[in-house]
Amino acid sequence: MTKHATRGLTRRALLSRAAAAGAMAVTGAGFIAAPDAAWALEVTVITPQEMATILQMARDIYPHDQVADRFYAVAVKGYDAEDRRALVAEGVAAVDRAARDMGHDSYLAIGWEEDRVKVLQSIEDSTFFQTVRSGLVTGLYNQKAVWPLFGYEGESFSQGGYIERGFDDIDWL
Amino acid sequence: MVAKFDLNDDSVVVIIGTGAGGGTLANELAQKGVKVVALEAGGRYLPQDYINDEWESFTQLAWLDARTTSGDWRVAKDFSGLPAWIVKAVGGTTTHWAGASLRFQDHEWKARTTYGEVAGASLLDWPIDATEMAPWYEKAEEKLGVTRTGGRPGLPGNNNYKVFEKGALALGYQNVHTGNMAIVSDDSQARTMCQQTGFCFQGCKWGAKWSTAYTEIEEGEATENLEVRERSHVARILHDAAGKVTGVEYFDTSGALQMQKARIVCVAGNSFESPRLLLNSASSMFPQGLANSSGQVGRNYMRHTTGSVYAVFDRPVRMWRGTTMAGIVQDEARHDPSRGFVGGYELETLALGLPFMAAFLNPGAWGRSCTPALDA
């Protein structure tokens, strides 16, 4: 497999709030990947372009700049499935149609988050958008690996709770 | 040895449900030598089984049937079909409850008399009052080990409470404290003291919070007068030609329909499942369902009405550390119609973990208008 990941980002991409998101690239046969190859997501049913679109939607729907693409990728990888094929194909086509209606080449081609959000707002009542959004509520935030990025500590029973580990240690009141 | 009663033993009392009502009744009867069969729709989970993970625990303990609601309130739109957070397990919703143990106030016992006619409501006075109930409250507070009653100390304030208390006092509220909680606050009691672990709503892994699962049920079983049949879902209450109950039909662990005879049947299935069972037990003699000559079974559904307010601070609170329901303001609990409404309300602070925050902070919202609150 060939990886043609974009080396280096354009100044515009870096300046835009899309920086964190825009770093992913469709790399040809069955893959999308980060430019530094820190992660890659293989697709077998839907197209890399479709997966990249869903991934970008995920970033725009619940944007957290401190959360790397790979966590969003985990949250949406389930769309690469036979029983999602039609939903994805029709949904992504509708997103791109909405983007073209606003004068863009496609949703993914939009460099500015603000403009992509306008596209998503125009389709936010659609089944596809609501499926992606509601799936992310658990798909993204219920990943134990992302919890530390939000400062959330998860279970504490295995460490004896917080009775001797700071349950009342607030010092800024 | 745990008791085992015959399906044809019509001398037993059958209790449907093992939560706050059923579990407690089962133990009290067993202590008096009464033979009891308690039928519990869910499985048996004990502190070692509880999962301190919000969604996983929900899957483990909640009654997962889809529930419907209607009307123009937000829950009907955002959570149509979401299961209610009641528990289907031995111990029932005492596994999940916060532990808040407040007494009714006088105006709540006599709502109709105190509030007068309220349009659209069907208020009634209770036929009992605070004086009559006082000794029973004391007995319950003793059994549950409620803090700030019977000489028991309050729980220590955690970070979340400290923020809450500071704000409340700044507003001039005076009756602010860590609550009357059925959570053990010192070493003098049989159950383990609260270890400030969080996840009170997912089942207390220390057993510090009162739940019938590991108090009443175990004590009842120790008398050999109580048999708990778990994963036994009652489908129908049966009666004879005179209209007296004779037993219940239930689906056992394998899904097979069984019939347990009984001399008395107690229905203790929480606010959805009790009326559901009574209505499902309709017969030619009682076509509207059992105990429903009024036609009111399954109507007038009223739970705690709650409104949620979230706050974002510019520095970390780590609200999930320690007791989940960390504090209460009671200054607004009075009946004072000059505020524009009857009755009053308790203001309580509680914590959510990231997964539930994401789901319940502002359901349906997306984009940078909502995500910064989760970053905080």
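In order, the protein sequence lines correspond to chains A and B.
Numbering follows the numbering used here, with no gaps: position 2 of the first sequence is 26.
Numbering follows the numbering used here, with no gaps: position 231 of the second sequence is 317.
Glycine included, C-beta positions come from ideal geometry on N, C-alpha and C.
As the structure is a computational prediction, the values presented were derived from the model and not from experiment.
So which of TYR176(A), ASP195(A), ALA169(A) has the shortest CA-CA distance to ALA97(A)?
Residue numbering aside, residue 97(A) sits at position 73 when the first sequence is read from its first letter. Nearest option by C-alpha distance: ALA169(A).
For THR391(B), count neighbouring Cβ atoms within 10 angstroms of its own Cβ and tell me buried if that reaches 16, exposed if not.
The sequence position of residue 391(B) within the second sequence is 305, counting from 1. Around the beta carbon of THR391(B), a 10 Å sphere encloses fewer than 16 other beta carbons of the protein chains shown; the residue is thus reported as exposed.
Given that a residue counts as buried once 16 or more other Cβ atoms are within 10 Å of its Cβ, and exposed if not, what is LYS295(B)?
Residue mapping note: residue 295(B) aligns to position 209 of the second sequence, counting from 1. With 16 or more Cβ atoms within 10 Å of its Cβ, LYS295(B) is classed as buried.
What residues of chain A sit near ASN138(B), judged by a beta carbon separation below 7 Å?
Here the question's residue 138(B) lines up with position 52 in the second sequence. Among the residues of chain A, those whose CB is under 7 Å from the CB of ASN138(B) are GLU179, PHE181, following chain order.
Let me make sure I understand the geometry here. Which of ILE134(A), GLN90(A), TYR186(A), GLY175(A) has the alpha-carbon closest to that of PHE285(B)?
Position 199 of the second sequence, counted from the start, is the residue given in the question as residue 285(B). Of the listed residues, the one whose Cα sits closest to PHE285(B) is TYR186(A).
Please list, in chain order, the chain A residues whose beta carbon lies closer than 9 Å to that of PHE285(B).
By 1-based counting over the second sequence, the position of residue 285(B) is 199. Those are GLU179, SER180, PHE181, listed as they occur along chain A.
Let me make sure I understand the geometry here. Which of ILE350(B), GLU140(B), LEU150(B), ARG277(B) has the alpha-carbon closest to that of GLU179(A)?
Numbered from 1 along the first sequence, position 155 holds the residue referred to as residue 179(A). Closest option to GLU179(A), Cα to Cα, is GLU140(B).
What is the rounded straight-line gap between the Cα of ARG317(B) and the Cα of THR339(B)?
Sequence index remark: in the second sequence, residue 317(B) carries index 231 (1-based). Sequence index remark: in the second sequence, residue 339(B) carries index 253 (1-based). Whole-angstrom Cα-Cα distance: 5 Å.
Identify the continuous alpha helix (DSSP H) that holds GLY185(B) and give its terminal residues.
Taking the second sequence and counting its residues from 1, one reaches residue 185(B) at position 99. From DSSP, GLY185(B) is part of no alpha helix (DSSP H); its letter is neither H nor E.
I need the straight-line Cα distance from HIS325(B) to CYS352(B), nearest angstrom please.
Within the second sequence, numbered from 1, the residue matching residue 325(B) stands at position 239. Within the second sequence, numbered from 1, the residue matching residue 352(B) stands at position 266. C-alpha separation (whole angstroms): 14 Å.
At a Cβ threshold of 8 Å, is THR155(A) touching chain B?
Position 131 of the first sequence holds residue 155(A). It does not: the Cβ of THR155(A) has no partner Cβ on chain B nearer than 8 Å.
Kindly indicate which three-state DSSP category MET411(B) falls into: helix, strand or coil?
Here residue 411(B) refers to the residue found at position 325 of the second sequence. Reduced to three states, the DSSP call for MET411(B) is strand.
Measure from the alpha carbon of PHE372(B) to the alpha carbon of each residue in VAL415(B), GLN416(B), ALA327(B), then state which is nearest.
The residue given as residue 372(B) occupies position 286 in the second sequence. Answer by Cα proximity: ALA327(B).
Does chain B have any CB closer than 8 Å to the CB of THR162(A)?
Taking the first residue of the first sequence as 1, we reach residue 162(A) at position 138. THR162(A) counts as touching chain B.
Return the chain-ordered list of same chain residues with a C-beta closer than 8 Å to the C-beta of VAL398(B), the five sequence neighbours on each side being excluded.
Sequence index remark: in the second sequence, residue 398(B) carries index 312 (1-based). Excluding residues within five positions, the ones whose Cβ falls inside 8 Å are PRO458, ALA459, ALA462.
Taking its Cβ as the centre, do 16 or more other Cβ atoms sit within 10 Å of MET87(B), making it buried, or is it exposed?
Working through the second sequence from its first residue, we reach residue 87(B) at position 1. That one is exposed.
Based on DSSP bridge pairs, tell me the residues matched to MET345(B).
Counting from one through the second sequence, the residue named residue 345(B) turns up at place 259. In DSSP, MET345(B) forms a bridge with GLU335(B).
In angstroms with no decimal places, state the Cα-to-Cα distance between ARG315(B) and ASP92(B).
In the second sequence, residue 315(B) corresponds to position 229, counting from 1. In the second sequence, residue 92(B) corresponds to position 6, counting from 1. Distance between the alpha carbons of ARG315(B) and ASP92(B) is about 12 Å.
Restricting to Cα atoms, I'd like to know which of ARG425(B), GLY426(B), VAL415(B) is closest to PHE250(B).
Sequence index remark: in the second sequence, residue 250(B) carries index 164 (1-based). Per the Cα distances, VAL415(B).
Classify ARG425(B) as helix, strand or coil using the three-state DSSP reduction.
Counted from its first residue, the second sequence places residue 425(B) at position 339. Residue state, collapsed to three classes: helix.
Under a three-way DSSP split, which group does CYS352(B) fall into?
What you label residue 352(B) is simply residue 266 of the second sequence in a count that begins at 1. CYS352(B): strand per DSSP, three-state reduction.
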